[in-house]
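In my numbering, the protein residues as written are 15 to 102.
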């Protein structure tokens, strides 16, 4: 079931209808990078891997992630998914 994109538009202090209309819609294959556990029944299979990088690279990665308000895991996933899209 899709959420109503215009929910809350008429409420006092809520977003304006124009602001909601201008919001870009997510692509169907977009991966949401957010904190917390997935909902019940929404888990996919994942494989745990370890990555060995120089300390300077980790520190740089942590700074970049913090600047974008992401945790390190979210930043790594975003970087890997972006690389996969560009590599085609």
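Note that beta-carbon positions come from the ideal geometry of N, C-alpha and C, so glycine has one too.
Computed from a predicted structure; not experimentally measured.
If residue 75 sits next to residue 86, beta carbons under 8 Å apart, how far is it from one beta carbon to the other, in whole angstroms?
-> 7 Å
According to DSSP, is residue 66 helix, strand or coil?
-> coil
Rounded Cβ spacing between residue 78 and residue 89 (contact assumed at less than 8 Å) | 6 Å
Which value, in whole angstroms, describes the spacing of the CA atoms of residue 62 and residue 95?
-> 16 Å
Just how far apart, CA to CA, sit residue 68 and residue 100?
-> 24 Å
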